[in-house]
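Step one of this worksheet: look at the structure below.
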């Protein structure tokens, strides 16, 4: 049962989350994915019905199998109707808030440290890298998958604490539900093994064990114990690969060599670290750099990653939370780090929704351990933490405003990032929807400068020119769109 201090902390954590995200109740849909998932999807618009439920469990529409996510959208339609994006935004906020509460509860139960757990939960709740997952309606799958994964972690911790196997199977069921929301958390069995090491202290091996706790099962016994979870992981990976075949084959129109992919993986791990410390230049789409990825950046990032990994392993006995937090970060990013490229982005803020928890755990437990006792630990650490979190809240509030509509989102994307087909196309689409045809024409033309083979840009440009009375040019672009689509067929 949670102590009074924990309840007070939760009150403040929920308040922090509300300050950042309640503004999304006034936001609209955005053109990227919301169109495909929701506004142009009659299955979702029709709400819950037996036929639509059957569709949710059998479709791989838009290269995804996530029946629970579809059902959550259908429930939204029953509650709010198809014309109210504010209701869907608030549901995202509610799930994110629930995730924060579950994270705080799980860490508090496992570590018995309310304040460090509160710091991790606060970072999870209000860091700007979380904004994309919360403010983007189409990212419901991330939120819902994490919700069930955190329930699995919480019930697994209860199983360990109470040695009641029904909680083990409850965790297994929640893991299955997580994979039915999105297959992002296929790494959960490995996360549970990390938690076995610390803070649950179940490892028997004295060569890698933490300094606290009695001898428990061997590493091999802990792995075997989780065979039902690994079975779900294999199944989840198979489903994800099968559903994503089209996206993997296309990769956003990119033909990426293994050299580019491997270089990007190494560099992006480093970029995520930097953006966690100081989240500048966040955007909805990060294109691959046109000039390629410099070997200098690869070497520097690899050196940092290797150094931290080595220190984490060498300090595992005295500082087990460093190993757990660091390998939580490295491991949970693996499904989306780009080894198998899906889509045209080199990285995405939303991919840090769960991996960022590991970095927060590392910092929350390491800093007090290395700062000398006395004034610095009692006053300086809490003061710096509060100031940094306040800054993160302000940055997150501002970052969320860019998601109010498609125009604001992609104007910001072009302002902070390099020109890209995705940004120009979606900005042109949004401006055309608002009747700003001259501006829309400009951005469609920019798309075609970058890639003249984008049929949708020709169609959009043709429609905008048609509205402006430039009929001959409009016909030319319509014909080019038809030709490209015919060639693709």
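Residue numbers (the working numbering): 7 to 495.
We put the beta carbon where it would ideally sit given N, CA and C, even for glycine.
In summary, residue 207 is buried, with 16 or more beta-carbon neighbours lying within 10 Å of its beta-carbon over all protein chains present. From the listed residues 251, 179, 347, the smallest Cα separation to residue 237 is found for 179.
The C-alpha of residue 167 is placed about 14 Å away from the C-alpha of residue 223. Counting along the chain, no beta strand (DSSP E) covers residue 451; the unbroken alpha helix (DSSP H) around it starts and ends at 443 to 456. Here the alpha carbon of residue 391 sits roughly 8 Å from the alpha carbon of residue 125. Beta-bridge analysis with DSSP links residue 293 to 351. Taking C-alpha positions only, residue 282 is separated from residue 250 by approximately 29 Å.
About 19 Å separates the CB atoms of residue 63 and residue 42; that is not less than 8 Å, and the two are not in contact. Here residue 306 carries a helix assignment [DSSP, helix/strand/coil].
With a 10 Å radius around the Cβ and a threshold of 16 neighbouring Cβ atoms, residue 14 comes out exposed. With respect to the C-alpha of residue 159, the residue from 148, 140, 181 having the closest C-alpha is 181.
The straight-line gap separating the alpha-carbon atoms of residue 305 and residue 420 is approximately 29 Å.
Residues of the same chain with a CB within less than 6 Å of the CB of residue 464, apart from the 5 flanking positions on each side, are 483, 486, 487 in chain order. A distance below 7 Å separates the beta carbons of residue 436 and residue 37. Sequence-distant partners of residue 411 (beyond 5 residues in either direction) whose C-beta falls short of 6 Å from its own C-beta, in its chain, are 34.
In this chain, the alpha helix (DSSP H) harbouring residue 242 covers 233 to 249. Between residue 472 and residue 461, the gap from beta carbon to beta carbon reaches 7 Å or more.
Secondary structure note for residue 153: its alpha helix (DSSP H) is the uninterrupted segment 146 to 168. In the structure shown, the three-state DSSP call for residue 460 is coil. CA-CA distance, residue 426 to residue 325, rounds to 44 Å.
By the C-beta density criterion, residue 297 is exposed, having fewer than 16 other C-beta atoms within 10 angstroms. The Cβ neighbour count for residue 402, taken over all protein chains shown within 10 Å, is at least 16; the residue is labelled buried.
When Cβ pairs closer than 8 Å are counted between the two stretches, the segment 137 to 148 is seen not to touch the segment 363 to 375, the count staying below three. The count of Cβ pairs closer than 8 Å, one atom from the segment 193 to 204 and one from the segment 329 to 345, reaches three, so the stretches are in contact. Collapsing the DSSP output to three states places residue 111 in a helix. Taken atom to atom, the span from the alpha-carbon of residue 114 to that of residue 120 is near 5 Å. Under the three-state reduction of DSSP output, residue 45 falls in the helix class.
When the beta-carbon positions are compared, residue 196 and residue 344 stay at least 7 Å from each other. Excluding its 5 nearest sequence neighbours in each direction, residue 474 has C-beta neighbours in its own chain below 6 Å: 443, listed in chain order.
For residue 266, the uninterrupted alpha helix (DSSP H) segment begins and ends at 264 to 283.
For residue 82, the CB contacts under 8 Å within the same chain, skipping 5 residues up- and downstream, are 93, 94, 97 in chain order.
When only Cα atoms are considered, residue 18 and residue 445 end up about 44 Å apart.
For residue 40, the secondary structure class from DSSP, reduced to helix, strand or coil, is helix. If you check the CB distance, residue 288 and residue 405 come in under 7 Å. The beta carbon of residue 374 lies closer than 7 Å to those of 383, 387 in the same chain, with the five residues before and after it left out.
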